[in-house]
Structure formats: C-alpha cells, structure tokens
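S.K.: Could you have a look at this structure, given as structure tokens, before my questions?
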Amino acid sequence: MNVETKVAREAIPAHVDPAFVRDYNVFQGYRFDEIGDLHEGLFRMGEELGRGIFWTPHNGGHWFINDHELLFQAVRKPDLFSSSKMTIPPMPPEQEPVFIPLTLDPPEHGPFRMPLMKAFAPDAIMKMEAGIRSLARGLIEAVVPNGRCEFIDAIGEPLPVTVFMNMMGMPLERMTEFREWMFDMASDDNARRANAYVRVTEAMGELIRERENGRKDDLISRLMDTDIDGRPPSFEENQSYGMLLFTAGLDTLVNGFSFGVFELTRQPALQERIKADRSLIPALIEELLRRYGIPMPPRIVMHDAEFGGVHLKQGDRVVMMLPAGNLDPQSFEDPLRFDIDREEVPHLAFNSGPHRCVGSHLARLELRVFFEEWFRAMPTVRLDPEDKPVYRPGLNLAIVKLPIIWDVPS
Amino acid sequence: MKIVIDKPNCVGHARCAAIAPELFLLDPEGYIAITGFDVPEGQEALARRAAKACPERVISVVED
Chain F
277 MNVETKVARE AIPAHVDPAF VRDYNVFQGY RFDEIGDLHE GLFRMGEELG
327 RGIFWTPHNG GHWFINDHEL LFQAVRKPDL FSSSKMTIPP MPPEQEPVFI
377 PLTLDPPEHG PFRMPLMKAF APDAIMKMEA GIRSLARGLI EAVVPNGRCE
427 FIDAIGEPLP VTVFMNMMGM PLERMTEFRE WMFDMASDDN ARRANAYVRV
477 TEAMGELIRE RENGRKDDLI SRLMDTDIDG RPPSFEENQS YGMLLFTAGL
527 DTLVNGFSFG VFELTRQPAL QERIKADRSL IPALIEELLR RYGIPMPPRI
577 VMHDAEFGGV HLKQGDRVVM MLPAGNLDPQ SFEDPLRFDI DREEVPHLAF
627 NSGPHRCVGS HLARLELRVF FEEWFRAMPT VRLDPEDKPV YRPGLNLAIV
677 KLPIIWDVPS
Chain U
12 MKIVIDKPNC VGHARCAAIA PELFLLDPEG YIAITGFDVP EGQEALARRA
62 AKACPERVIS VVED
C-alpha cells in the first residue's frame with residue numbers, strides 16, 4: 277500500500293525521506309471512526325502503515341515511534357531525544373511548560389528527581405493505602421444501589437484527583453476547577469492548554485505561599501524543605517514540581533481505572549474469576565497496563581542524527597507511542613488479546629530509562645486497592661446498551677464517558 | 012546460579028522486588044540496593060522470573 281501519497285510533497289521537510297511519511301493525526305487516532313477503539317487502532321496502524329519511526333505532517337509536523345524495540349532504545353537516549361520541550365503541536369517557547377524533573381535532562385535531572393523518588397518509593401506510599409481504600413470504598417458503595425453509573429464522573433475521576441489533592445495538601449473545595457484544568461491540558465487547542473498551565477501554576481503558587489508561613493504534613497511542604505545540590509528548590513521550581521505531579525498523575529490514572537472497568541464489561545467470566553480469587557488482581561493490573569497504555573510523551577531532537585533508518589534534524593519533535601509498543605506482536609504474542617495469564621513481560625506503560633514514571637508505585641497501589649474494593653462490593657458490570665462509551669484520542673489515550681449498568685443486589 | 016545486576020542503570024521500577032522481595036533488596040528510594048547474589052536453592056524459578064520482569068533489562072542470570 278502506498279500510504280505516503282496522500283501527503284502533499286511541499287508539506288514534507290527536505291530532510292524527511294518521503295518513504296517514511298504517514299498520514300496520521302495523533303489527536304484523531306488511527307481510522308478511529310471505523311474501528312471505534314483507540315488501542316485497536318494503534319495495533320491496526322502498525323499492521324497497515326508499518327512499525328518503526330515515521331513522520332507525519334499533522335500538528336506542526338513530527339516523528340512518531342510505534343515499534344517496541346525502537347521505543348526501548350529511544351527512551352534511553354535523552355541526549356538525543358530530550359524531554360525539555362514536550363508540546364505537540366509545538367507551543368511558542370515562552371509558553372512551553374516546565375515540569376520538574378520531567379523536562380530536565382541528565383545530569384541536571386538526577387538531583388531534582390531524588391526527592392520524588394523518596395516520596396513515591398514503594399515503602400513510602402504504603403502509608404497511603406488505608407486512606408485510598410476508604411475513599412474507594414465510599415465511592416463504590418455509594419453507587420452500588422443505583423444499578424448504573426457514569427463511571428468516570430462517579431469514581432474514575434474523583435478517586436485519583438482526591439488522592440492527589442490530599443497528598444499535595446490542596447483544598448478539596450477546588451476539585452471542580454482541578455478536573456476542568458486536567459481536561460484542558462489534554463486538548464490540541466494551544467490556547468486552552470496554555471490557560472490550564474497558567475491556572476495550575478498559579479494554584480501551586482498559592483499553596484507554596486501558604487506553606488511559606490507554616491509547613492504541614494504534605495508533599496509540597498516536604499519538597500520545599502528538600503535539598504538540591506546544597507540548596508532548597510526556588511519558588512518557581514516548586515511550582516514546576518506541582519505542575520509535573522498534576523499533569524503526570526491525574527489524567528493518566530483516571531484512564532487506568534476507566535480502561536480497566538471497560539475491559540471488565542467485555543469479560544463477564546473474568547469478573548467472576550477474579551471475584552473468586554482476588555490474588556489475581558496484580559496480574560489483572562499488569563495486563564491492563566500493557567493492553568491499555570495511556571501516555572504518548574513527546575520529545576525534541578537535540579542534534580542531527582541517524583536513528584531507526586531516518587535522518588533526524590535538531591528541533592524535530594518525536595512522539596513516543598508507548599501504548600503502540602505494548603501492542604507490538606514482535607514483543608507480545610497476539611497483543612490485542614487481554615490475558616491475565618501472560619507470563620510477565622516488561623511493558624512500557626510507565627516508560628523506561630531515566631524518565632521512568634516516578635509515580636508508578638502509587639499508580640499500582642491505587643489500581644490494586646480500587647480493584648480489591650470493586651470486586652468486593654460491585655456485582656458483574658456491563659456496558660449500558662443505551663449509552664455508549666466516548667473515547668478521546670490524543671497524547672493521553674482516554675475514555676471520557678463510560679456508562680455502565682449492573683443488577684442491584686437484593 | 013547467580014544473579015548479576017547492573018546497579019547504576021536501575022531506575023527504580025521495583026518489579027524484581029514485587030516478584031521476589033526477599034531476594035531483590037531495595038534502598039529507601041526504591042532502587043536496587045545490591046549488585047547481585049547467589050540464588051538460594053529452590054528459588055531459581057522465582058529469581059529467573061524477577062530478572063525477566065526488569066523493564067530496564069539490567070538483571071542477568073548466570074547459570075552454574
């Protein structure tokens with residue numbers, strides 16, 4: 277299939293070999309209207325357009341990588357693929373957000389990452405388990421008698437957003453605003469994104485000023501007292517920490533819950549099986565993370581180079597399609613099959629290399645506690661036949677509406 | 012059987028410790044705390060599984 281012919285030659289930069297051009301808009305998904313499933317679309321894209329590194333003229337023009345092994349190599353080359361600029365379509369330099377430590381490259385990155393590694397270490401987050409459990413239990417038990425819910429509004433968003441706000445020390449009255457900003461940040465509209473970045477930065481600034489007058493037992497206070505090569509972080513650096521935690525930890529986790537519940541609606545027998553044996557929950561979570569990857573982080577090329585058979589030019593943007601890597605049949609047999617009995621094979625859901633998701637242990641904890649409470653209290657769920665799920669393509673793959681029903685226990 | 016770990020390249024996924032917490036000891040930040048060990052008898056399969064689960068591929072199994 278001659279897939280590159282649809283793209284006008286003049287839309288392709290001189291250094292890009294036309295053989296590596298594909299007509300793919302990351303904010304529309306691949307043949308999404310026909311396939312109707314974002315992840316299946318990523319798999320089909322690999323089958324139909326190929327796997328490797330390709331260039332698309334959409335959204336300002338950028339490369340994307342959808343091959344598992346090539347992704348594995350690329351994400352551990354921060355000297356070539358820098359995370360210092362992460363917007364697609366590219367924002368003007370003065371609006372390009374700073375997320376500490378994500379938008380720093382090694383070696384500067386290390387000292388800024390360490391305080392988060394401590395705060396999010398496997399042992400450190402275990403003390404949050406009881407709080408997460410009581411929150412999850414409350415949200416689930418509140419809807420069980422209704423026989424139906426829109427999962428994202430009832431549970432999928434409030435759970436991780438509340439955990440995050442409590443951890444940071446943000447006032448819960450601001451939940452609605454937070455949820456709106458979270459939504460705006462996933463937009464392809466630069467004005468909406470820029471506005472959300474400014475609002476979140478301001479909210480973090482207010483919180484930091486409050487803590488300047490008295491620390492509390494929360495993450496922002498601990499970050500303010502941390503040591504970065506012999507000095508505390510500046511006001512702006514603390515705001516950037518807050519920005520990172522907001523953008524990296526909310527939309528991603530909401531969709532972890534949502535895709536998980538979505539998959540359960542397709543598999544009533546799996547629901548029964550896990551209800552009978554809750555020790556299967558960690559395997560469910562690993563397969564969920566593999567089958568339904570969420571973030572596709574962009575990078576910027578730091579110097580001209582050959583990579584994966586193409587010429588890269590300094591300043592090119594590259595989207596790391598981690599969820600597509602997890603659906604690469606060269607690494608995962610029959611990758612669309614959701615199978616909790618797979619032997620554990622490393623997936624890229626939390627990325628790999630120096631920018632491995634620092635919140636991965638908290639994400640796994642929240643997922644485990646959520647599913648434990650879910651299978652304890654919730655009858656077998658199915659999709660509402662009268663109201664369909666709504667997906668959102670983009671750099672974070674998402675379900676934004678998930679209406680489900682169940683038989684109310686007597 | 013021995014486990015050899017390329018410790019400087021650990022980024023703290025902690026998947027090894029999730030599978031075999033007694034064998035793969037972590038430091039307080041969640042990175043691997045050791046560079047390797049002799050696998051106790053009877054725990055070879057577990058150690059092998061944990062090594063394979065490393066997303067960074069920094070854990071090697073050295074057979075006797």
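In the order they appear, the protein sequences are chains F and U.
Numbering-wise (this note's numbering), the first sequence opens with residue 277 and increments by one.
Numbering-wise (this note's numbering), the second sequence opens with residue 12 and increments by one.
Built from N, CA and C at the ideal position, the CB exists for glycine as well.
As the structure is a computational prediction, the values presented were derived from the model and not from experiment.
With C-beta atoms as the reference, is L483 (chain F) less than 8 Å away from V657 (chain F)?
M.R.: Here the question's residue 483 (chain F) lines up with position 207 in the first sequence. Here the question's residue 657 (chain F) lines up with position 381 in the first sequence. The answer is no: Cβ separation not under 8 Å.
S.K.: Return the Cβ separation of L641 (chain F) and I401 (chain F) in integer angstroms, given the expectation that the two are a contact with Cβ distance under 8 Å.
M.R.: For this step, residue 641 (chain F) is matched to residue 365 along the first sequence. For this step, residue 401 (chain F) is matched to residue 125 along the first sequence. Confirmed, Cβ separation roughly 6 Å.
S.K.: Helix, strand or coil, according to DSSP, for L325 (chain F) in the structure here?
M.R.: Position 49 of the first sequence, counting from 1, holds the residue named residue 325 (chain F). Correct three-state label for L325 (chain F): helix.
S.K.: By the DSSP assignment, the beta strand (DSSP E) with G47 (chain U) in it spans what residues?
M.R.: By 1-based counting over the second sequence, the position of residue 47 (chain U) is 36. First-last of the beta strand (DSSP E) with G47 (chain U): 47-49.
S.K.: Taking only beta-carbon atoms, is R60 (chain U) less than 8 Å away from chain F?
M.R.: Walking along the second sequence from the start, residue 60 (chain U) turns up at place 49. So yes, R60 (chain U) belongs to the interface.
S.K.: Measuring straight from C-alpha to C-alpha, what distance separates P382 (chain F) and I550 (chain F)?
M.R.: Reading the first sequence from its first residue, position 106 is the one you call residue 382 (chain F). Reading the first sequence from its first residue, position 274 is the one you call residue 550 (chain F). Spanning the two alpha carbons is a distance of roughly 42 Å.
S.K.: With burial defined as no fewer than 16 other Cβ atoms inside 10 Å of the residue's Cβ, what is the status of S410 (chain F): buried or exposed?
M.R.: As a first step, residue 410 (chain F) is located in the first sequence; it is residue number 134 there, counting from the start. So S410 (chain F) counts as exposed.
S.K.: Counting contacts by CB-CB distance shorter than 8 Å, is L36 (chain U) in contact with chain F?
M.R.: Locating residue 36 (chain U) in the second sequence gives position 25, counting from the first residue. Judged by the 8 Å Cβ criterion, L36 (chain U) is not in contact with chain F.
S.K.: Among F:F522, F:M596, F:L564, F:E286, which one has its Cα closest to the Cα of M451 (chain F)?
M.R.: As a position in the first sequence, residue 451 (chain F) is number 175, starting the count at 1. Selection F:F522, F:M596, F:L564, F:E286 evaluated against M451 (chain F) yields F:F522 as nearest (Cα-Cα).
S.K.: With C-beta atoms as the reference, is H587 (chain F) less than 8 Å away from S359 (chain F)?
M.R.: Position 311 of the first sequence, counted from the start, is the residue given in the question as residue 587 (chain F). Position 83 of the first sequence, counted from the start, is the residue given in the question as residue 359 (chain F). Their beta carbons are not under 8 Å apart, which means H587 (chain F) does not touch S359 (chain F) by this criterion.
S.K.: On the three-state DSSP scale, how would you describe V73 (chain U)?
M.R.: Locating residue 73 (chain U) in the second sequence gives position 62, counting from the first residue. Strand, per DSSP.
S.K.: Using beta-carbon positions only, say whether A64 (chain U) and P669 (chain F) come within less than 8 Å of one another.
M.R.: Taking the second sequence and counting its residues from 1, one reaches residue 64 (chain U) at position 53. Taking the first sequence and counting its residues from 1, one reaches residue 669 (chain F) at position 393. At least 8 Å separates the beta-carbon of A64 (chain U) from that of P669 (chain F).
S.K.: Does the structure place the region 348-363 of chain F close enough to the region 574-588 of chain F that three or more beta carbon pairs sit under 8 Å?
M.R.: Three or more beta-carbon pairs separated by less than 8 Å link the region 574-588 of chain F to the region 348-363 of chain F, which places the two stretches in contact.
S.K.: In whole angstroms, give me the CA-to-CA distance for V50 (chain U) and P333 (chain F).
M.R.: Here residue 50 (chain U) corresponds to residue number 39 of the second sequence, with the count starting at 1. Here residue 333 (chain F) corresponds to residue number 57 of the first sequence, with the count starting at 1. Looking at the two C-alpha atoms, the distance is approximately 53 Å.
S.K.: With a cut-off of 8 Å, do at least 3 Cβ pairs link the region 21-30 of chain U to the region 51-62 of chain U?
M.R.: yes
S.K.: Whole angstroms is fine: what's the gap from L499 (chain F)'s alpha carbon to N466 (chain F)'s?
M.R.: Taking the first sequence and counting its residues from 1, one reaches residue 499 (chain F) at position 223. Taking the first sequence and counting its residues from 1, one reaches residue 466 (chain F) at position 190. C-alpha separation (whole angstroms): 30 Å.
S.K.: Rounded to whole angstroms, what's the CA-CA distance from M277 (chain F) to M596 (chain F)? Just pull it up for me.
M.R.: Taking the first sequence and counting its residues from 1, the one referred to as residue 277 (chain F) is at position 1. Taking the first sequence and counting its residues from 1, the one referred to as residue 596 (chain F) is at position 320. Below a pLDDT of 50, predicted positions are generally treated as unreliable, and M277 (chain F), at 41, falls in that range; the measurement from the model is reported next regardless. Distance between the alpha carbons of M277 (chain F) and M596 (chain F): 24 Å.
S.K.: In terms of residue numbering, what span does the alpha helix (DSSP H) encompassing F533 (chain F) cover?
M.R.: Locating residue 533 (chain F) in the first sequence gives position 257, where the first residue counts as 1. Looking at the DSSP string, the run of the alpha helix (DSSP H) that includes F533 (chain F) is 527-542.
S.K.: Along the alpha helix (DSSP H) that carries P398 (chain F), what are the first and last residues, could you check?
M.R.: The sequence position of residue 398 (chain F) within the first sequence is 122, counting from 1. 398-401 is the span of the alpha helix (DSSP H), which, as asked, contains P398 (chain F).
S.K.: Tell me the DSSP secondary structure of A674 (chain F) in three-state form.
M.R.: Your numbering for residue 674 (chain F) matches position 398 in the first sequence. Three-state result, A674 (chain F): strand.
S.K.: To the nearest angstrom, how far is the alpha carbon of M362 (chain F) from that of N422 (chain F)?
M.R.: By one-based count along the first sequence, residue 362 (chain F) stands at place 86. By one-based count along the first sequence, residue 422 (chain F) stands at place 146. When the Cα atoms are used, M362 (chain F) and N422 (chain F) turn out to be separated by approximately 42 Å.
S.K.: Determine contact between the region 473-487 of chain F and the region 436-453 of chain F, defined as no fewer than three beta-carbon pairs at a distance below 8 Å.
M.R.: Result yes; three or more Cβ-Cβ pairs closer than 8 Å.
S.K.: Leaving aside the five residues before and after F651 (chain F) along the sequence, list all residues of the same chain whose C-beta is less than 8 Å from its C-beta, in chain order.
M.R.: Start at 1 with the first residue of the first sequence, and residue 651 (chain F) comes out as number 375. Setting aside the 5 residues that flank it on each side, F651 (chain F) is surrounded in the same chain by Q547, I550, K551, R554, I557, each with a C-beta closer than 8 Å to its C-beta; the list follows chain order.
S.K.: Start and end of the beta strand (DSSP E) containing R593 (chain F)?
M.R.: For this step, residue 593 (chain F) is matched to residue 317 along the first sequence. Element bounds for R593 (chain F): 593-596.
S.K.: Considering only residues of the region 559-586 of chain F, which uninterrupted beta strand (DSSP E) runs meet the minimum length of 3 residues and lie entirely inside it, listed in chain order?
M.R.: 574-577, 581-583
S.K.: State yes or no: is the C-beta of A600 (chain F) within less than 8 Å of the C-beta of L318 (chain F)?
M.R.: Within the first sequence, residue 600 (chain F) is the residue found at index 324, counting from 1. Within the first sequence, residue 318 (chain F) is the residue found at index 42, counting from 1. Yes, the pair counts as a contact, with Cβ atoms nearer than the cut-off.
S.K.: For D683 (chain F), count neighbouring Cβ atoms within 10 angstroms of its own Cβ and tell me buried if that reaches 16, exposed if not.
M.R.: Here residue 683 (chain F) refers to the residue found at position 407 of the first sequence. By the 10 Å Cβ count, D683 (chain F) comes out exposed.
S.K.: When DSSP labels each residue in this structure, what does F36 (chain U) get in the three-state scheme?
M.R.: Translated into the one-based positions of the second sequence, residue 36 (chain U) becomes position 25. Note on identity: in this sequence residue 36 (chain U) is Leu, with Phe being the wrong assignment. Coil.
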